[in-house]
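Reviewing the structure listed below.
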Amino acid sequence: MQQYKLQVILQEIMKKTISFQGKINQFQKNQIFEEDSLKAKIIKFQQYIVKKMNST
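Going by the numbering used here, the first residue of the sequence shown is number 39, and it counts up by one from there.
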């Protein structure tokens, strides 16, 4: 009986661990996407500055 309870507890811990791993992976993907987006904005702004400097 006690072993069964321990198995149930272990299964719950494993489910939550898998759930947290999924959330962490999604967070990391979002961070990478945001970083790439910011890099693209910086590059566009740098190009804009160069164009403005060349046109003056």
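Where is the CB? At the ideal position from N, CA and C, for every residue including glycine.
Rounded separation between residue i and residue j - CA only
i	j	result
residue 69	residue 39	45 Å
residue 42	residue 67	38 Å
residue 82	residue 93	16 Å
residue 95	residue 61	Since the displayed the chain opens at 39 and closes at 94, residue 95 lies outside it and no answer follows.
residue 80	residue 64	24 Å
residue 56	residue 72	24 Å
residue 44	residue 51	10 Å
Secondary structure of residue i, DSSP reduced to three states
i	result
residue 94	coil
residue 39	coil
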